[in-house]
Amino acid sequence: GEIIFREPPLHIVAEQKNNPAFRRLKELCDKNGAVFEYETLWYWTALCSLKQGQLGPEEERLKPIDEDKQRKLLLLYHSDVAAASEASKQLVLELGLSYLEPIDLERLLQIWILNCFEHSDDPLGYSTYFMSSFMSHSCLPNAVWHYDGDDFVLRARCAISAQDEITVSYLSEDALLESISARRKHLKDSKHFVCQCERCNAERDYSRGFRCPACPGVVFAAPTASNEDGIEGAACGSCGHVVKDKEAMSLSDAERDLEGKLEGWERRMERGGRGKYGQIIGPVEAAIALSEGTLAQHWLLDKAWQLLAELYDKSSRPRDAEELVRRRIAFQESAYPGLSGTRAWTLEAFGDMLLRHSGAIMEPQVKLPSKAAALQLASTAPRVYSDSLDILRLMFGEQHDYYICVQGKATGLHEELKRHLGSSFGES
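Here it is as structure tokens:
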């Protein structure tokens, strides 16, 4: 939880929807996706990272950055750029940037893609940091970063020895709970490397478990360089059974089936409408029940439980929803060996769910409806919020909004429990 260092941003770029250059860029990206393969903002970050000599004396749409800032940007990691893409060539031509070489724009584009951090949602913006961009990725990082204003704050995520390399995750907290193959795909697609961290090279993938074909135990995938799937040849931790070829194919088919169904359910949920929840619950329940006969301690089950819990919650089935969230918390604790932001937020959501199901009012402050509700909550909800706070305190500090939000709910609940159950509650 200790702060390792704090750093101001090197450069921040956000969408400018009223800027004529941004509007023209957006038109080009929308009309020609085959050429402009990245999102509009990626190209905009490069255009907003040009110095005066690259823009010319009469350019008013794009504001230049100083030479020292661009020099530092160019020091950040990027692969060798031998030639400009067609997109960079078209941008230079379409925007009339006659002083700019397309390859210089391409180089800045690649730097932003490989080194940026999400900065804002509205308007959508990215930022770069100098020292922070030199940190390596790990799927079991020993540090975690967050914003304090615009500053990048790096905190220790676990005990760090003097000679240890500082690592962070390039993936979201949710993605850290996914399987080795899924995490590697995210990183290959976005950062262009195959992760070789200790968690990706581990003998077992604890986010990707299967029911043993020979006993009630669990077989965890064991991917290697020669066997990337990692199911065939994996051994059960209980009986020692080694998964054979046909068994591996069957397990893999069940996994792909659930993944495909999840994508379909999520699309249906987005189209939404309360009346449709009842229609989807039955098929989702049946598919999950079938998958649970094959998968165990598996990241896809975690996602499926999340979706079904939401459906139960919206369909007035509170106890069923709560049970699925308990399963999610157990999976997250078993699959990831360190502090997990996703686990903290799942615990927070579980505490909120317990309060709502008791009839509590959450806003503007926690208000319990009765002594019976207080008795129902007293043995569970305070501990759930406390467990969430223990993680958030170490990852983000007590001044961060994540912590303050949960602390406010925990404090409000504590006061309400004392009001209904007496001052002795706080002493028990």
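Each number in the numbering used here corresponds to the 1-based position in the sequence shown with 1 added. We put the beta carbon where it would ideally sit given N, CA and C, even for glycine.
Where residue i falls, given that 16 or more other Cβ within 10 Å makes a residue buried
i    : result
S429 : Low local confidence applies: a pLDDT of 45 at S429 is under 50, so the model's placement there is unreliable, with the coordinate-based value given in what follows. Classification of S429: exposed, given that the 10 Å Cβ count is below 16.
L11  : buried
Y78  : exposed
G241 : exposed
R72  : exposed
T412 : exposed
P142 : buried
C30  : buried
M396 : buried
E59  : exposed
D1   : Since the displayed the chain opens at 2 and closes at 429, residue 1 lies outside it and no answer follows.
L94  : exposed
Under the three-state DSSP convention, the category residue i falls into
i    : result
F135 : helix
A163 : coil
S429 : The predicted position of S429 is uncertain, since its pLDDT is 45 and thus under 50; a value taken from the coordinates is nonetheless stated next. Of the three classes helix, strand and coil, the one that applies to S429 here is coil, per DSSP.
A1   : This structure leaves residue 1 out entirely; the chain is present only between 2 and 429.
A85  : coil
A203 : coil
K52  : coil
K368 : strand
I362 : strand
A176 : helix
Whether residue i touches residue j by CB criterion (7 Å)
i    : j    : result
E16  : L42  : yes
V36  : E87  : yes
V195 : R185 : yes
G238 : G218 : yes
A176 : R158 : no
A305 : I289 : yes
A336 : S208 : yes
E8   : S133 : yes
S50  : L74  : yes
A297 : R205 : no
W300 : S180 : yes
Beta bridge counterpart(s) of residue i as assigned by DSSP
i    : result
S128 : I13, F118
D149 : D152
I4   : R156
L296 : F211
F434 : Residue 434 is absent from the model: the chain starts at 2 and stops at 429.
V169 : H138
C434 : Outside the displayed span of the chain (2 to 429) sits residue 434, for which this structure offers no information.
C406 : For C406, which the question treats as bridged, DSSP gives no partner whatsoever.
A236 : V243
A382 : Answer is none; A382 lacks a bridge partner.
A1   : Because the chain here runs from 2 to 429, residue 1 falls outside it and cannot be looked at.
- request: Mind the definition here: the segment 382 to 392 touches the segment 334 to 349 only if three or more C-beta pairs lie below 8 Å; say whether that holds.
  value: yes
Inter-stretch contact at 8 Å, needing at least 3 Cβ pairs: the segment 54 to 70 / the segment 109 to 126: no
- request: Would you check if the segment 352 to 366 and the segment 226 to 236 touch, i.e. whether three or more CB-CB distances between them fall below 8 Å?
  value: no
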